[in-house]
Amino acid sequence: MLSAAGVWPLLAFLADGAAGPARSELAQALGVPAGQAAGAAREVLAALDGMPGLGAALGLWTGRTPDLRDEWRAGLPADTHGTLDDDPVAAQRTLDAWATKRSEGLIERMPVTLTRDAAMVLATALTLRTDWRRPFTEQPCRPAAGPWRGQTLLGLHRRGVRPDRIGVVSAPEGRVTALKVPGNDGIDVHLLLGEERMTSGQVLRAGTGALERALPVVGGGQLPYGHVGPGLSVERQPAVTPEPVTLDVTTVAFDVTADHDLLALHRLFGLTTARDTGRGHFPGISGSPLAVGAAAQSAVARFGALGFRSAAVTAVLPAPGGIPQYRHETTVVRAVFDRPFGFLAVHRPTRLALVAGWVTGAVAYDTGT
34 MLSAAGVWPL LAFLADGAAG PARSELAQAL GVPAGQAAGA AREVLAALDG
84 MPGLGAALGL WTGRTPDLRD EWRAGLPADT HGTLDDDPVA AQRTLDAWAT
134 KRSEGLIERM PVTLTRDAAM VLATALTLRT DWRRPFTEQP CRPAAGPWRG
184 QTLLGLHRRG VRPDRIGVVS APEGRVTALK VPGNDGIDVH LLLGEERMTS
234 GQVLRAGTGA LERALPVVGG GQLPYGHVGP GLSVERQPAV TPEPVTLDVT
284 TVAFDVTADH DLLALHRLFG LTTARDTGRG HFPGISGSPL AVGAAAQSAV
334 ARFGALGFRS AAVTAVLPAP GGIPQYRHET TVVRAVFDRP FGFLAVHRPT
384 RLALVAGWVT GAVAYDTGT
């Protein structure tokens with residue numbers, strides 16, 4: 034499992050302070066211009082945290098080395114900045130405690146491990162919690178075929194009169210049975226069962242295509258009799274009293290955990306150039322050269338008779354970007370403005386001078402005495 038909603042804000046704040054190819058790659062991965070990324074990330078985090086059943090948080094920790102740009106730090110949500118202890122072990126404990134608290138105990142460690150030269154850590158935490166409107170009944174489940182054949186699993190069963198909550202998606206790669214399990218707080222969980230020959234990616238793409246209404250779906254009430262989709266059939270059954278069309282569902286409880294190294298998919302996440310520690314890529318974040326030394330996500334999802342719980346903690350560990358090696362000599366033209374001078378603020382595309390001024394004095398230096 035992967036929470037893209039946990040990754041996107043981190044990439045957006047990185048893009049806001051990036052330069053050169055790293056900035057372009059991050060913007061392409063985000064789908065928004067880098068200059069708009071920080072504002073969009075703040076809106077996303079605020080919107081997620083304000084939704085019932087959801088929680089979202091951002092954390093930033095820095096050591097002594099990086100001198101953060103005030104402009105970049107001001108673009109982060111309020112009350113997100115903390116400090117890293119000089120002792121890496123103590124600092125790691127602080128990060129792990131934050132991950133545990135923000136994930137409501139589902140994730141006990143930050144997905145990145147601090148090194149002694151770690152300059153800063155930027156992380157998000159996303160939690161989701163919903164209870165089913167109608168609980169399932171627990172019962173043994175013994176599959177007769179497939180990879181789980183011969184195992185006794187925790188089965189979940191429910192019967193109701195809403196056949197519209199299931200349907201068959203027709204995707205280019207095959208058919209997918211899609212079941213919507215409604216929860217409280219406006220959160221639903223969609224279960225997707227594809228044909229055996231389909232890959233996980235194909236099934237998930239079919240599910241998202243159905244959500245986007247890009248793929249046709251035949252609802253349960255319109256399906257013909259017989260085997261109509263993966264794991265799905267429509268049949269007549271005797272009943273004591275007249276009944277409408279009913280939906281009978283049997284599934285299994287699951288508890289899924291996953292850890293992802295985002296740098297292993299650096300092209301997908303726009304981190305190809307940013308991971309080059311030979312130089313700095315984020316002059317808008319810090320005056321010290323920084324690269325992305327590590328980026329990872331830990332995620333948990335639990336589906337049971339009463340509801341669904343999920344959490345994802347995503348973290349980026351910037352590393353020193355290296356000091357350039359000076360192998361040549363160059364000519365330096367030095368200018369010193371130490372007396373009154375004028376300035377123009379110019380609109381580059383039109384070369385229009387928007388502001389003109391004259392500096393008659395400078396701000397006094399505060400010696401602190």
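Numbered per my numbering, the sequence shown spans residues 34 to 402.
Here a beta-carbon is modelled for each residue, glycine too, at the ideal position from N, C-alpha and C.
Source: prediction; values computed, not measured.
Q) If we call anything under 8 Å between Cβ atoms a contact, is residue 116 one with residue 94? A) Here residue 116 is taken as the residue at index 83 of the sequence shown, counted from 1. Here residue 94 is taken as the residue at index 61 of the sequence shown, counted from 1. Cβ distance < 8 Å, so residue 116 and residue 94 count as in contact.
Q) If we count the other Cβ atoms within 10 Å of its Cβ and call it buried at 16 or more, is residue 232 buried or exposed? A) Translated into positions along the sequence shown, residue 232 becomes position 199. Flag for residue 232 reads exposed.
Q | Unbroken stretches of the beta strand (DSSP E), 3 residues or longer, contained in the segment 57-101 | A | 87-95
Q | Residue of 320, 134 and 190 minimising C-alpha distance to residue 103 | A | Locating residue 103 in the sequence shown gives position 70, counting from the first residue. Selected option, being the one with the closest Cα: 320.
Q. Beta strand (DSSP E) containing residue 336: first to last residue?
A. For the purposes of this step, residue 336 is taken as residue 303 along the sequence shown, with counting starting at 1. Annotation for residue 336: the continuous beta strand (DSSP E) segment containing it runs 323-336.
Q: List the residues that DSSP assigns as beta-bridge partners of residue 202.
A: Sequence index remark: in the sequence shown, residue 202 carries index 169 (1-based). Paired residues: 209 and 250.
Q) Is the segment 143-153 touching the segment 328-339 in the sense that three or more CB pairs, one from each, lie closer than 8 Å? A) yes
Q.
Suppose the cutoff is 6 Å on Cβ atoms and the five residues either side in sequence are ignored; what does the same chain contact list for residue 156 look like?
A. Locating residue 156 in the sequence shown gives position 123, counting from the first residue. Result list for residue 156: 92 and 348, in chain order.
**Q.** Terminal residues of the alpha helix (DSSP H) in which residue 121 lies
**A.** For the purposes of this step, residue 121 is taken as residue 88 along the sequence shown, with counting starting at 1. That run of the alpha helix (DSSP H) goes 121-135.
Q: In the DSSP assignment, find the alpha helix (DSSP H) that holds residue 193 and state where it starts and stops.
A: In the sequence shown, counting from the first residue as 1, residue 193 sits at position 160. Counting along the chain, residue 193 falls outside any alpha helix (DSSP H), though it belongs to the beta strand (DSSP E) covering 186-193.
Q. Assuming residue 45 contacts residue 315 under a Cβ cut-off of 8 Å, what Cβ separation, rounded to an integer in Å, is found between them?
A. Along the sequence shown, read from residue 1 onward, the residue named residue 45 stands at position 12. Along the sequence shown, read from residue 1 onward, the residue named residue 315 stands at position 282. Between residue 315 and residue 45 the Cβ distance is about 13 Å, and since that is not below 8 Å, they are no contact.
Q. Would DSSP call residue 196 helix, strand or coil?
A. As a working mapping, residue 196 is identified with position 163 in the sequence shown. The three-state secondary structure of residue 196, taken from DSSP, is helix.
Q: Drop a sphere of 10 angstroms on the beta-carbon of residue 189, count the other beta-carbons inside from all chains shown, and report buried for 16 or more, exposed for fewer.
A: Position 156 of the sequence shown holds residue 189. Residue 189 is buried by the Cβ-count criterion.
Q) Going by other Cβ atoms of all chains shown within 10 Å of its Cβ, with 16 needed for buried, is residue 41 buried or exposed? A) Looking up residue 41 in the sequence shown gives position 8. Buried, because 16 or more other Cβ atoms sit within 10 Å of the Cβ of residue 41.
Q. Can you tell which of 322, 245, 337 and 297 has the C-alpha that lies nearest to the C-alpha of residue 100?
A. In the sequence shown, counting from the first residue as 1, residue 100 sits at position 67. Minimum Cα distance to residue 100 is reached at 322.
Q.
Just verifying my parser: in three-state terms, what is the DSSP assignment at residue 218?
A. Within the sequence shown, the letter at position 185 stands for residue 218. Reduced to three states, the DSSP call for residue 218 is helix.
Q | Neighbourhood of residue 261 by C-beta, 7 Å cutoff - its chain only, sequence neighbours within 5 removed | A | Mapped onto the sequence shown, residue 261 falls at position 228. Result list for residue 261: 201 and 267, in chain order.
Q.
According to DSSP, simplified to helix, strand and coil, what is residue 256?
A. Position 223 of the sequence shown, counting from 1, holds the residue named residue 256. In the structure shown, residue 256 sits in coil (DSSP, three-state: anything other than H, G, I, E or B).
Q. Residue 193: buried (16+ other C-beta within 10 angstroms of its C-beta) or exposed?
A. Residue 193 sits at position 160 when you count from the first residue of the sequence shown. Residue 193 comes out exposed.
Q. For the segment 57-68 against the segment 107-126, are there 3 or more C-beta pairs whose distance is under 8 Å?
A. no
Q) DSSP three-state call for residue 297: helix, strand or coil? A) Looking up residue 297 in the sequence shown gives position 264. Note: residue 297 maps to helix in three-state DSSP.
Q. What three-state label does DSSP hand residue 38 in the structure shown?
A. As a working mapping, residue 38 is identified with position 5 in the sequence shown. It is helical.
Q: Measure the CB-CB distance between residue 176 and residue 182 and report whether it falls below 8 Å.
A: As a working note, residue 176 is residue 143 in the sequence shown. As a working note, residue 182 is residue 149 in the sequence shown. Yes.
Q: Using the Cα positions of residue 62 and residue 259, report the straight-line distance between them to the nearest angstrom.
A: To locate residue 62, count along the sequence shown from 1; it is residue 29. To locate residue 259, count along the sequence shown from 1; it is residue 226. Cα to Cα, the separation comes out at about 44 Å.
Q. How far does the alpha helix (DSSP H) with residue 103 in it reach, from first residue to last?
A. Taking the first residue of the sequence shown as position 1, residue 103 is located at position 70. Its alpha helix (DSSP H) spans residues 103-107.
Q. So what does DSSP say about residue 340, is it helix, strand or coil?
A. The residue given as residue 340 occupies position 307 in the sequence shown. Three-state result, residue 340: strand.
Q | Nonlocal neighbours in the same chain, by C-beta distance under 7 Å from residue 366, ignoring five residues either side | A | As a first step, residue 366 must be located in the sequence shown, where it is residue number 333. In this predicted model, residue 366 has a pLDDT of only 32, less than 50, meaning its place in the structure is not dependable; the value taken from the coordinates is given anyway. None.
Q | residue 161 versus 245, 332 and 212, residue with shortest Cα-Cα distance | A | Within the sequence shown, numbered from 1, the residue matching residue 161 stands at position 128. Of the candidates 245, 332 and 212, the one whose C-alpha sits nearest the C-alpha of residue 161 is 332.
**Q.** Nearest neighbour of residue 72, chosen from 178, 47 and 218 [CA to CA]
**A.** As a first step, residue 72 must be located in the sequence shown, where it is residue number 39. With distances taken between Cα atoms, residue 72 lies closest to 47.
(Q) Restricting to Cα atoms, I'd like to know which of 54, 292 and 311 is closest to residue 346. (A) The residue labelled residue 346 in the question sits at position 313 within the sequence shown. Of the listed residues, the one whose Cα sits closest to residue 346 is 292.
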